[in-house]
Amino acid sequence: MKISRTLPALAAASLLLLPACRVVGPNYTRPSTPGAPLYKEQAPVTFKEVEGWKKSNPRDEMSRGSWWEMFGDPRLNEYELRAMVANQNVRQSEAAFREARALILVNRSGYYPTVSASPGASASQNSGVFRTTSSTITTTGNSAAGKVSTFLSLPFEVAWEPDLWGRVRRTVENAVDTAQASAADLENVRLTIQSEVAIDYFQLRTLDATAQLLENSVVAYEKALQLTTNRYHGGVASQVDVAQAQTQVETTRAQLIDIGVSRSQFEHAIAALAGEPASTFSIPRLPIDGLPPAVPPGLPSELLERRPDVATSERRVAAANAEIGVAQAAYYPTLSLSAALGIQGSFTSFFTGPARFWSLGPGLAQTLFDAGRRRGLTEQAIAAYDQTVASYRQSVLTAFQEVEDNLAALRILEQEADRQNAAVTAAEKSLSLSLDRYKGGIATYLEVITAQALALSNERTAVSLLGRRMVADVQLVKALGGGWDTSKLPTEHSMR
3 MKISRTLPAL AAASLLLLPA CRVVGPNYTR PSTPGAPLYK EQAPVTFKEV
53 EGWKKSNPRD EMSRGSWWEM FGDPRLNEYE LRAMVANQNV RQSEAAFREA
103 RALILVNRSG YYPTVSASPG ASASQNSGVF RTTSSTITTT GNSAAGKVST
153 FLSLPFEVAW EPDLWGRVRR TVENAVDTAQ ASAADLENVR LTIQSEVAID
203 YFQLRTLDAT AQLLENSVVA YEKALQLTTN RYHGGVASQV DVAQAQTQVE
253 TTRAQLIDIG VSRSQFEHAI AALAGEPAST FSIPRLPIDG LPPAVPPGLP
303 SELLERRPDV ATSERRVAAA NAEIGVAQAA YYPTLSLSAA LGIQGSFTSF
353 FTGPARFWSL GPGLAQTLFD AGRRRGLTEQ AIAAYDQTVA SYRQSVLTAF
403 QEVEDNLAAL RILEQEADRQ NAAVTAAEKS LSLSLDRYKG GIATYLEVIT
453 AQALALSNER TAVSLLGRRM VADVQLVKAL GGGWDTSKLP TEHSMR
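Going by our numbering, 147 is the number at position 145 of the sequence shown; the sequence numbering is gapless.
Pasting the structure below:
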């Protein structure tokens with residue numbers, strides 16, 4: 003048989019095997035999601051807190067790919083972009099995705115034959131001396147004595163294991179699902195970093211607003227101290243009033259200084275998120291103002307498409323499902339096809355016809371007894387799949403919880419802010435009346451101090467509420483998945 007006819011025949015025989023190939027193991031379907039009262043096939047129809055939700059301005063409908071832009075803060079936009087470029091956690095997740103994508107190539111290579119070559123050369127010399135059990139004989143007349151012999155070989159080997167039972171296909175399927183989960187992990191890290199930058203930024207600006215409020219209070223308290231001192235020198239006020247006024251000023255100054263500790267920590271946190279040393283990073287002071295923009299929550303079922311962490315959990319379920327097929331394929335025999343050809347011989351005969359060689363043959367292997375190893379691996383794969391299903395359903399429940407939490411927070415904090423603003427107005431009016439009464443000599447300075455402390459406390463609470471509403475708005479965007487959706491996951495084709 004000639005080699006030129008043998009190898010095509012081998013290829014043809016291999017192709018005939020392919021239609022008979024089948025994929026063992028369960029085909030993947032997305033698990034049902036938790037609904038009410040038990041696991042239903044669809045998510046709840048609506049959020050409990052969404053009733054009465056209003057859209058306040060046209061920006062509600064803007065694309066949330068860069069969702070932080072809806073706050074209209076150029077500095078926040080700058081810090082977000084810097085974090086997406088230089089944050090080390092983002093870079094780590096991006097490298098993990100590239101690693102998972104490379105594994106697809108490794109597993110896909112199992113579809114194809116392996117071709118290898120192992121050229122070699124050796125030289126030997128006959129000494130012309132050989133030994134017997136009783137003596138040494140020297141053959142000086144032998145023409146081969148001292149002659150160097152050279153042996154050359156250039157073999158090529160081809161090996162292929164047809165994927166009869168879908169083991170390779172399930173392995174590739176697992177690698178693709180894992181890479182998609184890694185891509186969703188990357189998006190989740192990005193969303194987490196983006197939200198942390200925004201939260202830290204708004205908390206820092208809340209502190210700036212509090213600092214501005216304290217500075218204004220110090221100025222007002224200093225004026226009250228000067229008024230009390232003048233009244234003391236005029237014999238109208240007592241030294242106790244002066245001491246109380248001085249105490250109020252110094253206490254407020256101490257509170258103003260204390261703000262610096264928390265502000266520095268938030269500034270350093272933003273520096274770390276942006277991938278910069280805290281020692282070279284600074285944020286100018288800018289008090290928080292305005293109101294948080296309304297975020298349309300959409301439908302609960304959209305969370306299954308818009309949250310990257312939910313997508314990660316779902317893709318890991320698919321990968322675990324493929325692992326079951328890989329484990330079950332071990333019950334079936336494996337067919338291997340191998341062929342070798344090449345030339346070998348001495349240097350003088352290397353290029354002659356007799357130096358050529360070839361071999362061809364299939365091999366069939368079946369494990370007959372393994373003491374339950376394959377059964378154990380299959381049960382292990384099924385148990386791992388059940389774990390990922392439970393994790394996926396829990397991630398869905400957590401997503402619903404986080405959206406409801408922040409919808410409730412925004413609704414309640416808005417109501418609280420309305421009442422708090424009314425309290426601030428009343429406290430400022432009370433302070434103004436107390437000062438007038440004190441100037442008129444019909445009230446003690448203790449009344450003024452009490453009114454000052456009450457007004458400052460209510461003003462600080464109002465500023466804190468505004469900051470909390472901004473943070474809750476950011477957390478709602480994060481709970482809704484930002485501007486991401488599963489259509490942005492890479493496909494198997496794009497990862498080749």
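Ideal Cβ placement from N, Cα and C applies to all residues, glycine included.
Outcome for residue i when other beta-carbon atoms lying within 10 angstroms are tallied against a minimum of 16
i: Lys-480; result: buried
i: Phe-371; result: exposed
i: Tyr-447; result: buried
i: Thr-427; result: exposed
i: Val-26; result: buried
i: Lys-4; result: Because the pLDDT at Lys-4 is just 45, under 50, the model does not fix this residue reliably, and the value given afterwards should be weighed accordingly. When all chains shown are included, Lys-4 counts as exposed.
i: Ala-102; result: buried
i: Ala-429; result: buried
i: Asn-59; result: With a pLDDT of 38 at Asn-59, under the threshold of 50, the modelled position of that residue is not reliable, and the figure given next carries that caveat. Asn-59 comes out exposed.
Nearest to residue i (by Cα), restricted to the options the options
i: Ala-112; options: Glu-404, Arg-169, Leu-379; result: Reading off the sequence, residue 112 comes out as Gly, not Ala. Closest option to Gly-112, Cα to Cα, is Arg-169.
i: Tyr-203; options: Glu-307, Gly-484, Ser-284; result: Ser-284
i: Val-312; options: Ala-401, Glu-269, Asn-323; result: Ala-401
i: Gln-454; options: Tyr-333, Thr-463, Leu-433, Arg-470; result: Leu-433
i: Gly-327; options: Leu-301, Gly-236, Arg-171, Ala-457; result: Arg-171
i: Thr-336; options: Ala-85, Ile-259, Pro-364, Val-174; result: Pro-364
i: Ser-124; options: Leu-156, Ser-95, Val-251, Glu-418; result: Leu-156
i: Gly-122; options: Ile-106, Thr-152, Val-108; result: Thr-152
i: Ser-281; options: Ile-290, Glu-269, Val-87; result: Glu-269
i: Leu-412; options: Ile-272, Ser-197, Pro-294; result: Pro-294
i: Ala-247; options: Val-220, Gly-237, Ile-259; result: Val-220
For residue i, the residue or residues it bridges with in DSSP
i: Ser-338; result: Gly-365
i: Pro-157; result: Gly-344
i: Trp-167; result: Its beta-bridge partners do not exist; DSSP assigns none.
i: Val-405; result: Looking at the DSSP assignment, Val-405 forms no beta bridge with any residue, so it has no partner.
i: Ala-123; result: Leu-154
i: Trp-360; result: Leu-343
i: Thr-463; result: Answer is none; Thr-463 lacks a bridge partner.
i: Thr-116; result: Ala-161
Alpha-carbon spacing of residue i relative to residue j, whole angstroms
i: Glu-404; j: Asn-232; result: 57 Å
i: Thr-488; j: Ser-303; result: 13 Å
i: Gly-74; j: Leu-468; result: 16 Å
i: Gly-347; j: Phe-158; result: 15 Å
i: Ser-264; j: Tyr-234; result: 38 Å
i: Leu-288; j: Asp-210; result: 6 Å
i: Arg-317; j: Gln-477; result: 24 Å
i: Gln-526; j: Asp-165; result: Outside the displayed span of the chain (3 to 498) sits residue 526, for which this structure offers no information.
i: Val-360; j: Ile-345; result: The sequence shown places Trp at residue 360, rather than the Val named in the question. Using only the alpha carbons, I get a separation of about 9 Å.
i: Lys-50; j: Glu-406; result: 7 Å
i: Thr-493; j: Leu-215; result: 53 Å
i: Ala-119; j: Ser-340; result: 13 Å
i: Ala-331; j: Ala-181; result: 22 Å
i: Trp-486; j: Thr-194; result: 12 Å
i: Asn-79; j: Glu-71; result: 6 Å
i: Leu-482; j: Ala-104; result: 31 Å
i: Ser-68; j: Met-472; result: 17 Å
i: Asn-29; j: Ile-384; result: 13 Å
i: Leu-458; j: Glu-217; result: 11 Å
i: Glu-252; j: Asp-475; result: 36 Å
i: Val-108; j: Trp-162; result: 15 Å
For the region 204-290, which segments carrying the alpha helix (DSSP H) assignment without a break, of at least 4 residues, lie completely within its bounds, in sequence order?
-> 241-275
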